Amino acid sequence: MRTTLARALLGALLVCAAGCGSDGSSTGQDAVQTVDGRGTANTLVMMLAVRVGPTNDPALSTHQGRYVDFRQIRSVELIVDGRDWGRYEADREAGDPATGEPVGSWSLHDEPSSAVVVAGLGTELERTRDDLDTIGEWAELLDRHLVTGGHVAEIALVELETNDGAMLDVTSRLLFPFTILEGDRSAFVGEIEVPFDAFPGVP
Amino acid sequence: MKRSAFHATSVALLPLVALVALGCGRTEITIENAIPGATIQGVRWVPSSGTSYTFGEALGPGATSSEVSVSDHDQGHGGVIHFELVMDGRKVALVTGDSFVATANDTTHFRLDPSTAAKNPIATSPTDPNPRPAEPTR
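From first to last, the protein sequence lines are chains W and P. Under the numbering used here, think of the first position of the first sequence as 163, with each following residue one higher. Under the numbering used here, think of the first position of the second sequence as 10, with each following residue one higher.
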């Protein structure tokens with residue numbers, strides 16, 4: 163049931179991602195065309211779950227293999243094909259509404275609790291919805307896209323927020339290969355589990 | 010003897026006079042693509058009169074167009090440059106935010122570089138109706 167709900171949400175998000183600008187505004191990406199008339203992908207979508215691993219946190223030591231509530235996943239830092247793409251906010255609304263079991267500073271689930279991350283591959287300026295004002299900024303935008311074929315995404319960092327409001331960065335360096343097919347405007351990277359091996363700095 | 014000398018001097022000066030006559034009153038513009046890694050194509054300079062001066066060739070990085078003659082009534086007037094920026098198989102239509110002025114009786118060199126203000130009409134609000142003047146180079 164949960165998986166069905168998550169997939170339905172994901173499908174809706176993919177449609178939204180492909181047709182961005184639904185508020186009537188147009189982004190820089192909307193203005194970009196390909197020389198040969200074919201589309202290129204400019205959005206990555208992933209479902210991200212954080213799994214508790216071996217930890218020195220006494221409150222969590224008996225909870226290995228459980229999952230952090232998706233609402234505690236704040237953002238993801240993404241590298242694609244070895245190149246920084248930026249930090250993307252996780253969607254804290256789309257997910258299983260069930261609350262997790264409070265354990266220390268965390269809410270934990272027995273099953274994956276996945277946050278949806280939609281990573282539009284525009285420039286930092288475009289993501290912040292600033293207008294692109296110079297030729298150099300437009301050139302940077304043209305350079306940010308994914309051609310048909312194989313690529314590798316790296317989840318470099320996941321930012322978590324404890325129930326106390328403290329922020330914690332988890333580095334992962336996990337690599338996820340994905341493929342852009344002909345005509346794709348967005349790509350689903352996958353359902354990703356990031357192991358959470360330690361809780362440094364969190365009481 | 011004197012007549013012969015006068016004749017010889019006239020013949021010698023003729024090319025110079027012709028050169029000056031050709032140079033005077035002729036207003037031309039060129040466009041330089043100073044955008045690293047990008048080609049510009051479909052380049053048009055559109056002064057306030059509404060006349061469109063088209064540069065036929067696509068310009069690779071560092072390339073300068075051939076000269077295009079400017080009509081008398083557009084001399085000394087500013088205009089925006091319309092062009093397509095092409096990189097890695099993708100392109101976007103842009104209009105400069107700056108206004109470029111064709112200096113009368115001279116060849117004015119318009120330079121487009123990464124710092125040049127530019128907008129896409131559909132991605133943003135309409136271009137500023139009062140574009141600020143760009144610094145022309147000769």
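Note that the Cβ used here is the ideal one computed from N, Cα and C, for glycine as well. Every value quoted in this text rests on a predicted model; they were computed, and no experiment measured them.
CB contact flag (residue i, residue j, <8 Å)
i	j	result
W/Leu-308	W/Ala-221	no
P/Val-89	P/Ser-108	yes
W/Gln-226	W/Val-212	no
W/Thr-205	W/Leu-330	no
W/Leu-337	W/Glu-316	yes
P/Leu-68	W/Ile-297	no
P/Thr-116	P/Thr-48	no
P/Gly-87	P/Ser-57	yes
W/Val-280	W/Asp-253	yes
W/Leu-319	W/Glu-239	yes
W/Gln-195	W/Leu-322	no
P/Thr-36	P/Val-79	yes
P/His-118	P/Glu-66	no
Counterpart residues of residue i in DSSP-defined beta bridges
i	result
W/Val-194	Paired residues: none, contrary to the question.
W/Leu-304	Answer is none; W/Leu-304 lacks a bridge partner.
P/Asn-42	P/Leu-121
P/Phe-64	P/Val-52
W/Thr-202	Partner(s): none; W/Thr-202 has no beta bridge.
W/Ala-211	W/Glu-355
W/Glu-273	In DSSP, W/Glu-273 forms no bridge with anything.
P/Glu-93	P/Gln-50 and P/Ala-102
W/Ser-348	W/Thr-205
W/Arg-245	W/Val-242
W/Phe-338	W/Ala-315
W/Ile-235	W/Leu-322
Contacting residues, own chain, Cβ-Cβ under 6 Å from residue i (five flanking each side not counted)
i	result
P/Arg-53	Ser-61, Thr-63 and His-91
P/Lys-100	Glu-93
W/Leu-326	The residue asked about is misnamed: residue 326 of chain W is Asp in this sequence, not Leu. Excluding residues within five positions, the ones whose Cβ falls inside 6 Å are Ser-267.
P/Leu-31	Because P/Leu-31 sits at a pLDDT of 49, beneath the cut-off of 50, its placement in the model cannot be relied upon, and the following sentence gives the value as read from the coordinates. Result list for P/Leu-31: empty, nothing under 6 Å.
Option nearest residue i by Cα separation, candidates the options
i	options	result
W/Val-332	W/Val-207, W/Arg-228, W/Leu-206 and W/Arg-236	W/Arg-236
P/Val-55	P/Ala-43, P/Thr-73 and P/Leu-103	P/Leu-103
P/Gln-50	P/Ala-72, P/Thr-36, P/Arg-35 and P/Gly-106	P/Ala-72
W/Ser-269	W/Gly-244, W/Val-242 and W/Phe-232	W/Phe-232
P/Ala-127	W/Asp-293, W/Glu-263 and W/Ala-349	W/Asp-293
W/Thr-324	W/Met-208, W/Val-265 and W/Pro-216	W/Val-265
Contact set for residue i: own chain, Cβ-Cβ below 7 Å, skip 5 residues either direction
i	result
W/Pro-259	none
W/Ser-187	The pLDDT assigned to W/Ser-187 is 48, lower than 50, so where the model puts this residue is not dependable; a value taken from the coordinates is nonetheless given after this. Nothing listed; no residue qualifies.
W/Trp-247	Leu-240, Ile-241, Ala-281 and Leu-283
W/Asp-243	His-313 and Val-314
Integer-rounded CB distance, given that residue j should sit under 8 Å from residue i
i	j	result
W/Ala-328	W/Ser-276	Not confirmed; about 22 Å, so no contact.
W/Val-305	P/Asp-97	Reading off the sequence shown, one finds Asp at residue 305 of chain W, where the question assumed Val. Yes, they are in contact, since the Cβ atoms of W/Asp-305 and P/Asp-97 sit about 6 Å apart, within 8 Å.
P/Pro-1	P/Ile-44	Residue 1 of chain P lies beyond the residue range present for chain P, which begins at 10 and ends at 147; the question has no answer from this structure.
W/Val-356	W/Leu-210	7 Å
Own chain partners of residue i with C-beta closer than 8 Å, once the 5 adjacent residues on each side are dropped
i	result
W/Thr-261	Asp-231 and Ser-269
W/Gly-311	Thr-341 and Ile-342
W/Pro-274	Ala-211, Arg-213, Tyr-229, Glu-353 and Glu-355
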